[in-house]
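One structure below.
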Amino acid sequence: MRLEKIKLAGFKSFVDPTTLIMPGRLIGIVGPNGCGKSNIIDAIRFVIGESSAKHLRGNAMSDVIFTGSAARAPVALASVELIFDNSDGLAGGEFARYAQISVKRQVSREGQSQYFLNGSRCRRRDIMDLFLGTGLGPRSYAIIEQGMVSRFIEARPEDLRLFIEEAAGLSKYKERRRETEIKMEHTRANLERVADIRSELQTQVSRLARQAKKAEKFRELERQITVCRHQLIAMQWQEADDAYRRKQAGLNALERQLKAREAQWLLSRKSVARARDEVESLEKQLQQMQARLYQLNADISRCDQTIKHAEQSRRQREQTLREWRRELERAHATLEQDKEQLVHLERQQRQLQSELTEARNQADKDQAKQQQVESTWQQLRRQSDQCRDRLRRMEEDERLLQLEIQHHRQRQDDMQCRIEALAAQKARLSAEIQTLDSRDPEKELDRVKAHHQTLQKRLQRLTEIRQQLQNDRQQRQRQQEQLASQIHRLEGQISGLETLQHHALGKDRQRLQQWLAQHGLQSLPRLVETLTVEDGWEMAVESALGQWLQALCSPQLPTGIGDAPERIAFVSDMALYNLPRDSLAHKIASGRAAVPLLSRYRCIADVTAALSRRNELAHYECWITPDGDQIGPNRLFVNRTRSQEQGILTRQKALREHQARLQELQRQQASLQQSLTQLSEQLKHATTELDSLRAEERDCHAALVRLQAELQSVRQRRRETQNRLDQLDRELEAGIQEQQRLQETIEQLHSRREQKQQAVKALLATSKKLSREVEQAGSENDKAGQQLRQSREKVTRLETALEHTDH
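Numbering (the working numbering), first residue to last: 117 to 923.
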């Protein structure tokens, strides 16, 4: 393979689409510093898979994209394409059959890269695989930069071994071996995981098998249970049905009995009425007897309780009797001894008893007298205390009344002063209200508010217009960017197609082009450039015309062309008539010079149909399918291999479509640019008008706020003054009412004070009388108490003497 061309667009300093042609095996690129020589090597590294921005002399992959200058705008995409000549078929794999191999890489400002092989999207790995073993790579020995030779000389044996293996083509196999080993290692790890999973699954399968057996047994038992349940239900239903029949028969018998009983009930109803009266009388008797029974039961309960208590008392008395008998036996022993002493003591006791009785009677009389006197004294004391308490309370009430009168008089004086002050303040506020009523900023406020609303509506409408203009401009800019991207992409595609087409048509053969220019034939079109083929029949026309596609179309065949340096063909227009309806010539709409060449080809759908209809052909005719397969009376050509010329019509059609699309996009771009210019002018005018209107709106809003504040202040002041005036009226009215109430209260207090003074005088006389009675009752109480103590002392002496006589 040999590098033929390098196409750059938007890559570093190559902002415009640039094509560098490599005509020979040794090419030198010379120029001053900074002219972009190193950028070409960076472009080659970039397109064959370099992933490090450092080796491309940048910080990020997006640094390779042209960033703009004072005269040029930045671009959004960098593209580099390498075109290799593979006419010797040295490329490996499926690319060996291509005479030309195109390798392309694009990168956007987002850092996303896209790789293409012969126009088809592919991976970076596919690019690397293509160049394995060729010595070409992003950091291989084939790209010799500054310091590369010295690194070769000073390289270690291990590094030299890598270079030698790459030059010998072993790197491809080592890379594949490394990949295979990695895959085998991954596969081995996967197999180990699969073995672990298999053992775990085997355990689960065994457990599930046991569970399945149990489940099967469970289903069998469940089926048997279902059968038994159904049988049980059938038996229960049969029994229920029999029971229902028996119950129905019993019900019929009961109905008959019911009818008989109803007849008896009708007969006995009268008897029941008579019996009801007897029952009522019996119930009354029963109630009386029950009440009597309840009474008797209560009496019996009480008797039972009494019997229990009597029995308990009897047992206690028997115990006490036994103790007394024992004491009695002891007492009989001493009884005789005490009889004589008892007779003496009885006489003495009777004497003391009589004296004690007399003393107790006297003490009782003295105690009753003392209690009566003490009661009278206590009662008089209580009355005297109550009288003194009432006197103190009444004196305190009188004093409080005097203080209250003084307090109310002071309040009356204060209220008179407050009434006078409120009247003066009311007069001042009334004058202030009249002053505020004379000011009226509301009319001016209404005028400014209406003007402000008008400005706001205009401002809102103008803002919407400017926003719409901005949206339209942004949309047009996005459309323009999209169109620019499409145009750039389409130009790249057209450039690639033109390059392929020129090469396929031999327009890049310099000697032939010089010869045509010498003979004035360089302007003649190629036959393929004049053809317009019906869709689907391009391969058939290419297969039929073959090398004639490169023929030059001339009105007349030229003479004197024997000195042509290379193979060359000419065709001219020629009219043919009475062509078969299925002739291939009917499939072209233009390029009538090809009609004689296509007249012997007849169109058919597929090879099978052509083989079955060979007998319909003349010896010079041939069936041709849309895929380009040719079937003659005694020949068969299957069009499966693609030569360099094949695809020319398809490419030419695509080229025409792309050129038409490019013209349409350029027309749309011009229209969009004109629309953008108009929108920018409109937006500028709208912005200027909007700024002016906003300034006017701000001034109006400030005036509106000032007037609103002034009006609010006036209204607030008027409202506060009126509220204060109303409050003063209420306070004046309340003050006058309060003054009248205070005068009435003072008069009532004076009346109550006079009544209290009279009551105090009467109570004071009563208190003095009670004090005298208390003193008299107190002296009588002292005498009665002394006499009671003497009587009690006498009774105590006699009781003591009587106790001595008892002992």
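Don't be surprised by glycine CBs; every beta carbon is placed ideally from N, CA and C.
Asked	Found
Segment contact flag, the stretch 217-233 with the stretch 142-150, C-beta cutoff 8 Å, min 3 pairs	no
Residue environment, R716, which counts as buried when at least 16 other CB atoms sit within 10 Å	buried
For D722, the nearest candidate out of L714, I747, E773 (CA to CA)	I747
C-beta contact flag for V219 and I243 at 8 Å	yes
Within 8 Å, strictly: CB atoms of P190 and G608	no
Boundaries of the alpha helix (DSSP H) in which F162 is found, first to last residue	153-163
Euclidean distance between Cα positions of L640 and N234	30 Å
Coarse secondary structure for V146, derived from DSSP in three states	coil
Whole-Å CB distance - L613 paired with L781, under 8 Å assumed	Actually they are not in contact, since the Cβ atoms of L613 and L781 sit about 16 Å apart, beyond 8 Å.
Touch test, the stretch 120-129 against the stretch 177-197, Cβ-Cβ under 8 Å, three pairs minimum	yes
Bridge-paired residues (DSSP) for T724	None; T724 has no bridge partner.
Test item: CB-CB of L661 and L713 under 8 Å	yes
Coarse secondary structure for L820, derived from DSSP in three states	helix
Cα-Cα separation, E650 to F162	41 Å
Beta bridge counterpart(s) of W739 as assigned by DSSP	R718, I747
Cβ-Cβ distance between L858 and A539 below 8 Å	no
Integer Cβ distance of G744 from A656, believed to fall under 8 Å	5 Å
Per-residue DSSP class, three states only, for Q518	helix
The alpha helix (DSSP H) enclosing E654, as first and last residue numbers	654-661
Cutoff 8 Å; reference R141; Cβ partners in own chain excluding five residues on either side	R118
E439 to K424 span [Cα, whole Å]	23 Å
Residue range of the unbroken beta strand (DSSP E) whose run includes F200	193-201
Classification of H735 by the beta-carbon crowding that lies within 10 angstroms, buried from 16 upward	exposed
Inter-residue Cα distance where the pair is R814 and I581	20 Å
N- and C-terminal bounds of the alpha helix (DSSP H) containing R241	240-247
Where W353 falls, given that 16 or more other Cβ within 10 Å makes a residue buried	exposed
Simplified DSSP assignment, three categories, for E773	helix
Inter-stretch contact at 8 Å, needing at least 3 Cβ pairs: the stretch 539-548 / the stretch 797-811	no
Presumed contact (8 Å Cβ cut-off) between Q855 and Q532, rounded CB distance	7 Å
Inter-residue spacing [alpha-carbon to alpha-carbon] between E732 and E658	24 Å
Same chain, Cβ closer than 8 Å to L792, five either side skipped, listed in chain order	R589, R592, Q593, Q596
Alpha-carbon spacing of I875 relative to R913, whole angstroms	First, the amino acid is wrong: residue 875 is Ala here, not Ile. A875 and R913: Cα-Cα distance of roughly 56 Å.
Between the CA atoms of R577 and S546 - distance to the nearest angstrom	49 Å
Secondary structure of A215, DSSP reduced to three states	coil
Backbone CA spacing between S535 and L841 [nearest angstrom]	Note on identity: in this sequence residue 535 is Ile, with Ser being the wrong assignment. Their Cα atoms are separated by approximately 14 Å.
With 16 other Cβ atoms within 10 Å as the buried cut-off, status of C738	buried
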